[in-house]
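Notes follow once the structure below has been shown.
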Amino acid sequence: MRVLGQDFPMDIWISFSKFIEQYRELLKSDNELLRNRASQILKIIEEYPELEEGIREEKRVQELIPQIHLVLEDSFAQILQNNEIKIATIPFHNNVLKSSQRYKNIIEAAGEGFEPQIKNMNEDHYYIMGCSIILGSYYNYNIDFKRPFFYDIPDAMGIMRHYRIMYNGDFIDVIKTDKAKDITKEDVAELLDNFDNIDIWKEKFPPHSWIFKGVVLANMFDVTADVSLSDFKTSLIKYDKTQGDFVGSFQQIFRAIFNLYEIKVGFSNYNHETGTLERVPFKNIDSYILHDRYSECCNTALCKGTYHYLFEESTYFAISDVKKHQKLGVYEQMYKNLIAQNINSAILAPIKSDGKLLGILEIVSPNIHELNSINANKLQDVMPYLVDSVLRSKTKTENELELIIQQECTSIHPSVHWKFKQEARRFMRAMVDENPVSFREIVFENVYPLYGQIDIKGSSDARNHAVQKDLVLQLKGIYKIIDKLMESDSLPIYEQLKYRTSRYIDSITEQLQVDSEQKILDFIKKEITPLFKHLQQKNVELDSLINEYNETLDTVIQTVYKHRKAYDESVMLINKKMAALLDQKQDEAQGMYPHYFERFKSDGVEHNMYIGESITKQDSFNKVYLYNLRLWQLQVMCEMENAYYQMKKELPVALDVASMVLVFSSSLSVRFRMDEKRFDVDGTYNARYEVVKKRVDKSKIKGTDRRITEKGKLVIVYSQRSDETEYIKYINFLQSKKFLEEEIEIVELDDLQGVTGLKALRVNILYHTNEKEYYTYEDLMKELN
Numbered sequence: 112m113r114v115l116g117q118d119f120p121m122d123i124w125i126s127f128s129k130f131i132e133q134y135r136e137l138l139k140s141d142n143e144l145l146r147n148r149a150s151q152i153l154k155i156i157e158e159y160p161e162l163e164e165g166i167r168e169e170k171r172v173q174e175l176i177p178q179i180h181l182v183l184e185d186s187f188a189q190i191l192q193n194n195e196i197k198i199a200t201i202p203f204h205n206n207v208l209k210s211s212q213r214y215k216n217i218i219e220a221a222g223e224g225f226e227p228q229i230k231n232m233n234e235d236h237y238y239i240m241g242c243s244i245i246l247g248s249y250y251n252y253n254i255d256f257k258r259p260f261f262y263d264i265p266d267a268m269g270i271m272r273h274y275r276i277m278y279n280g281d282f283i284d285v286i287k288t289d290k291a292k293d294i295t296k297e298d299v300a301e302l303l304d305n306f307d308n309i310d311i312w313k314e315k316f317p318p319h320s321w322i323f324k325g326v327v328l329a330n331m332f333d334v335t336a337d338v339s340l341s342d343f344k345t346s347l348i349k350y351d352k353t354q355g356d357f358v359g360s361f362q363q364i365f366r367a368i369f370n371l372y373e374i375k376v377g378f379s380n381y382n383h384e385t386g387t388l389e390r391v392p393f394k395n396i397d398s399y400i401l402h403d404r405y406s407e408c409c410n411t412a413l414c415k416g417t418y419h420y421l422f423e424e425s426t427y428f429a430i431s432d433v434k435k436h437q438k439l440g441v442y443e444q445m446y447k448n449l450i451a452q453n454i455n456s457a458i459l460a461p462i463k464s465d466g467k468l469l470g471i472l473e474i475v476s477p478n479i480h481e482l483n484s485i486n487a488n489k490l491q492d493v494m495p496y497l498v499d500s501v502l503r504s505k506t507k508t509e510n511e512l513e514l515i516i517q518q519e520c521t522s523i524h525p526s527v528h529w530k531f532k533q534e535a536r537r538f539m540r541a542m543v544d545e546n547p548v549s550f551r552e553i554v555f556e557n558v559y560p561l562y563g564q565i566d567i568k569g570s571s572d573a574r575n576h577a578v579q580k581d582l583v584l585q586l587k588g589i590y591k592i593i594d595k596l597m598e599s600d601s602l603p604i605y606e607q608l609k610y611r612t613s614r615y616i617d618s619i620t621e622q623l624q625v626d627s628e629q630k631i632l633d634f635i636k637k638e639i640t641p642l643f644k645h646l647q648q649k650n651v652e653l654d655s656l657i658n659e660y661n662e663t664l665d666t667v668i669q670t671v672y673k674h675r676k677a678y679d680e681s682v683m684l685i686n687k688k689m690a691a692l693l694d695q696k697q698d699e700a701q702g703m704y705p706h707y708f709e710r711f712k713s714d715g716v717e718h719n720m721y722i723g724e725s726i727t728k729q730d731s732f733n734k735v736y737l738y739n740l741r742l743w744q745l746q747v748m749c750e751m752e753n754a755y756y757q758m759k760k761e762l763p764v765a766l767d768v769a770s771m772v773l774v775f776s777s778s779l780s781v782r783f784r785m786d787e788k789r790f791d792v793d794g795t796y797n798a799r800y801e802v803v804k805k806r807v808d809k810s811k812i813k814g815t816d817r818r819i820t821e822k823g824k825l826v827i828v829y830s831q832r833s834d835e836t837e838y839i840k841y842i843n844f845l846q847s848k849k850f851l852e853e854e855i856e857i858v859e860l861d862d863l864q865g866v867t868g869l870k871a872l873r874v875n876i877l878y879h880t881n882e883k884e885y886y887t888y889e890d891l892m893k894e895l896n
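Start counting the sequence shown at 112; every next residue gets the next number (the numbering used here).
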């Protein structure tokens with residue numbers, strides 16, 4: 112009888128011969144009720160002998176359903192009809208010969224026309240399971256394929272319930288036909304290594320070459336809230352310092368799943384940054400692939416077959432006989448490592464999330480054939496939980512690495528983050544091994560520096576002028592109150608305060624001295640403020656004047672903060688705009704070639720960049736990337752100038768900016784200073800670069816009083832003739848793109864302390880309000896005003 116919709120290694124004969132054998136034995140029973148029951152069943156068999164011989168046609172099965180129900184009556188006790196979820200059927204199929212009332216109720220609640228399907232069994236697995244029945248029942252091979260099978264059936268509320276199916280195969284016979292092939296030990300060994308190769312299974316067990324005679328009884332259990340899976344989920348790979356032997360408990364779970372008591376479980380972490388497998392930096396977690404190494408390149412740590420299945424096919428790789436693979440000529444290091452650890456069979460499974468490999472689960476056994484491609488399928492049901500746990504574990508590991516970096520360093524730019532993580536891993540391994548350890552300094556050698564700034568011109572004068580206006584405004588308010596006070600109460604002390612207030616107004620109106628601000632604030636705090644509080648309590652007329660004065664004060668700093676606030680807001684808006692534009696352009700530049708970048712905001716925005724082989728950790732650096740970054744820097748400086756002058760008219764205080772780039776022709780070394788939590792150049796000679804950076808923007812053109820930086824001009828400071836030639840080429844290109852004006856000015860700089868021979872290229876920046884109109888700085892000011 113071919114009741115299945117696909118191939119099956121056996122023809123199905125519905126037979127109750129195993130039941131009949133037991134009823135014949137019951138005729139000899141001392142229990143009269145049992146003898147009578149057996150006699151009734153045997154009379155049915157005498158009338159319908161095909162129930163014992165085997166029914167081959169599905170139509171005939173349906174015709175004999177009443178008789179079949181009587182034969183199966185004792186297997187479905189009436190008293191348990193509403194308790195047991197039970198059916199009589201054929202292997203792995205929903206052809207129900209008889210069922211309990213509870214099963215009928217469940218199916219009825221699922222809705223009209225609902226037919227349950229085994230959810231984790233595809234067409235090929237149906238066939239292979241039939242072959243497994245033959246190997247176990249006829250050949251007595253212990254083929255362990257006891258995966259749990261489930262029905263997903265919605266209840267009356269529409270909630271999906273999960274039922275586990277348990278099959279009873281005591282009432283079947285497997286009969287060999289002349290179409291069947293003899294199965295040898297060599298055939299079985301080949302099948303063990305080729306679970307998913309359906310062609311090999313069909314070759315050994317041709318379709319319908321065997322006979323299944325009998326029926327199976329299936330009990331189902333509601334496992335929607337299955338505690339074992341929940342326990343499994345919470346006990347998977349994780350690191351918990353408060354838990355004792357978490358690896359041992361995890362290993363016990365896998366031993367229970369596989370029903371093998373000698374297997375061990377290991378794990379190898381996959382590092383995407385280096386393309387290597389790494390040992391997890393926690394005690395008691397072994398990596399059987401790596402053996403005695405901490406890390407290994409994937410291509411050398413894994414054999415070609417393993418690499419193909421884990422990385423390219425994203426599926427497990429089972430090795431049922433490790434020594435056999437090595438004898439076949441597979442000389443890879445992986446098999447040598449496994450044999451050295453007395454491992455004779457293994458399953459390696461990739462743990463992936465969103466298409467990314469997280470690591471490799473390693474299940475190993477000292478026994479040959481104990482782990483194979485058949486029982487490897489048990490991983491399918493637990494892998495989703497395993498992925499979740501590994502994700503949590505990796506997140507925790509990353510957090511610990513980040514914590515070490517933050518404690519020992521500071522916020523790190525992504526381009527050099529890899530080196531800090533590398534050192535943090537070494538630091539963590541040493542702590543786990545309880546070895547003396549310190550976080551080593553991070554050095555990048557042979558890198559090229561780039562420095563640029565867009566500085567607010569005259570920021571100190573602008574701030575002083577704002578302070579001056581605020582102090583005069585506040586002092587005039589004080590003078591007004593004291594003058595009013597003297598009309599009614601002309602004490603000499605009030606006259607003296609009025610005189611001092613007037614002197615302060617005159618002095619700071621002329622020029623704000625270095626200590627003037629602090630002197631005036633001390634005068635107000637110690638003498639004026641206490642006096643005004645006193646006057647408010649005794650003079651109603653003065654009370655309104657003092658309240659008016661207090662309303663002009665900032666609530667936090669208790670001084671007039673009008674013009675300084677406008678200045679501070681202007682600087683903040685400039686810095687915010689320039690920094691945002693620079694960050695946006697920097698993201699694009701990182702895509703051209705990775706490099707280190709940092710920026711700082713003060714009275715303007717300055718930035719440092721370093722580019723070189725040691726930062727990228729790849730054998731890919733060429734000076735063309737340095738030249739590209741230098742040209743990019745000049746173009747971005749022009750774009751920042753344009754962006755600023757387009758926003759200038761919206762600022763509370765009109766300010767100007769000036770741009771400068773410093774060229775350093777030689778490579779240098781950069782060291783992360785642990786005490787200062789920042790990068791700095793390394794070595795005495797390279798320190799010259801830092802000296803120039805700090806002083807050059809204040810330097811003057813040789814023989815003049817003019818500052819080297821000037822509004823409306825891009826200034827490029829350098830020392831080598833080769834730098835001049837190189838940057839003139841960049842300027843010519845930017846002139847063709849209408850970023851810069853045609854005229855180029857070359858000037859010498861006054862000597863700085865310890866630094867001589869500096870020169871500068873100066874060229875006017877072209878500003879544009881649309882694609883067709885370009886302005887010099889002077890023209891732009893006329894246009895804006």
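Here a beta-carbon is modelled for each residue, glycine too, at the ideal position from N, C-alpha and C.
Mind checking which residues open and close the beta strand (DSSP E) that includes residue i?
| i | result |
| --- | --- |
| C414 | From DSSP, C414 is part of no beta strand (DSSP E); its letter is neither H nor E. |
| Q564 | V554 to K568 |
| Y274 | M271 to N279 |
| K849 | Element bounds for K849: n/a, residue is neither H nor E. |
| E389 | T387 to R390 |
| S406 | S406 to C408 |
| P265 | F260 to P265 |
| A429 | F428 to I430 |
| P718 | What sits at residue 718 in the sequence shown is His, not Pro. Element bounds for H718: G715 to I722. |
Where does residue i fall in DSSP's three states?
| i | result |
| --- | --- |
| A291 | coil |
| D581 | helix |
| V207 | coil |
| K822 | coil |
| L144 | helix |
| G702 | helix |
| V338 | Residue confidence for V338 is low, a pLDDT of 39 falling below 50, so the modelled location carries little weight and cannot support an answer. |
| H879 | strand |
| V625 | coil |
| F119 | coil |
| M331 | strand |
| R614 | helix |
| V682 | helix |
With distances taken Cα to Cα, identify the nearest neighbour of residue i among the options.
| i | options | result |
| --- | --- | --- |
| Q533 | V768, K811 and V554 | V554 |
| D118 | L646, I462 and S320 | S320 |
| I876 | I812, Q864 and Y756 | Y756 |
| V501 | F378, L623 and E621 | F378 |
| N253 | T836, K296, K649 and L328 | K296 |
| E373 | N455, L561 and I462 | N455 |
| D679 | P705, S570 and F428 | S570 |
| F732 | H706, C749 and W743 | H706 |
| V108 | L845, D862, I819 and K849 | Look at the range of the chain in this structure, 112 to 896, and you will see that residue 108 is not part of it. |
| R710 | S599, T411 and K696 | K696 |
What residue does the alpha helix (DSSP H) around residue i start on, and which one ends it?
| i | result |
| --- | --- |
| G241 | E234 to S248 |
| D446 | Asp is not the amino acid found at residue 446; the sequence shown has Tyr there. It spans Q444 to A451 - the alpha helix (DSSP H) in which Y446 sits, taken as one unbroken run. |
| K438 | V433 to K438 |
| T200 | No alpha helix (DSSP H) holds T200; the beta strand (DSSP E) holding it covers I196 to T200. |
| H180 | I176 to V182 |
| Y252 | Unbroken run through Y252: none, as it is neither H nor E. |
| V299 | K296 to L303 |
Output the residue ranges of the alpha helix (DSSP H) runs that lie fully inside the region 756-783 and measure 4 residues or longer, sorted by chain position. none
Worksheet item: Hey, is the region 756-765 in contact with the region 579-589, meaning 3+ C-beta pairs nearer than 8 Å?
Response: Between the region 756-765 and the region 579-589, the count of Cβ pairs shorter than 8 Å is below three; the stretches do not touch.
- Could you give the uninterrupted runs of the beta strand (DSSP E) lying entirely in the region 457-503, keeping only those of 3 residues or more? 467-476
Item to complete: Identify every run of the alpha helix (DSSP H) within the region 122-174, keeping only runs that are complete inside it and at least 4 residues long; order them along the chain.
Response: 128-137, 143-158, 161-164 and 169-174
Check whether the region 715-724 and the region 555-566 touch, using three or more Cβ-Cβ pairs below 8 Å as the test.
Yes, the region 715-724 touches the region 555-566.
Query raised in the report: Can we say the region 322-331 touches the region 279-291, given the rule of at least three CB pairs closer than 8 Å?
Result: Touching, per the Cβ criterion.
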